[in-house]
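Colleague: With numbering that gives the first Met the number 0 applied, the sequence shown corresponds to residues 0 to 77, in that order.
Backbone N, C-alpha and C fix where the C-beta goes; we use that ideal spot for every residue, glycine too.
Keep in mind the model is a prediction, meaning the values are calculated, not measured.
Starting off with a structure, shown below.
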Amino acid sequence: MRFRRKVGVETAIPTSSLSDIVFLLLIFFMVSTVFVRYRGLPVELPSAKKIERIETKRHITYIWVTAEGRICIDDMIV
């Protein structure tokens, strides 16, 4: 009695679903991670004893160059 040899069938690992498994593991680890909240350093804010309004003065200078090439600074031709 002769036994038949089975023809060797190569079993391949399916890689099409490998990316799905990797992304599911990534999502699982992202969701299950414990985040530590950093509280920062204690800061003492300064307090004001007297409130004064400070007026800001703006020093604005307008400079124009005309089409002829003349330069004007604050409405004065230079």
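(1) Could you check the C-alpha separation between residue 70 and residue 57 for me, to the nearest Å?
(2) How many whole angstroms separate the CB atoms of residue 60 and residue 73, which I take to be in contact at a CB cut-off of 8 Å?
(3) Three-state secondary structure (DSSP) at residue 42?
(4) How would you write the range of the beta strand (DSSP E) that residue 70 sits in, first residue to last?
(5) Residue 62 to residue 68, Cα distance in whole Å?
(6) Can you tell me where the beta strand (DSSP E) holding residue 62 begins and where it ends?
Modeller: Judging by the given coordinates:
(1) Taking the first residue of the sequence shown as 1, we reach residue 70 at position 71. Taking the first residue of the sequence shown as 1, we reach residue 57 at position 58. So the alpha carbons of these two residues sit roughly 22 Å apart.
(2) As a working note, residue 60 is residue 61 in the sequence shown. As a working note, residue 73 is residue 74 in the sequence shown. Contact flag correct, Cβ pair sits at about 6 Å.
(3) The residue you call residue 42 lines up with position 43 of the sequence shown. Coil.
(4) Locating residue 70 in the sequence shown gives position 71, where the first residue counts as 1. Note, residue 70: beta strand (DSSP E), 70-72.
(5) The residue labelled residue 62 in the question sits at position 63 within the sequence shown. The residue labelled residue 68 in the question sits at position 69 within the sequence shown. Going from the Cα of residue 62 to the Cα of residue 68 covers about 12 Å.
(6) For the purposes of this step, residue 62 is taken as residue 63 along the sequence shown, with counting starting at 1. That run of the beta strand (DSSP E) goes 62-64.
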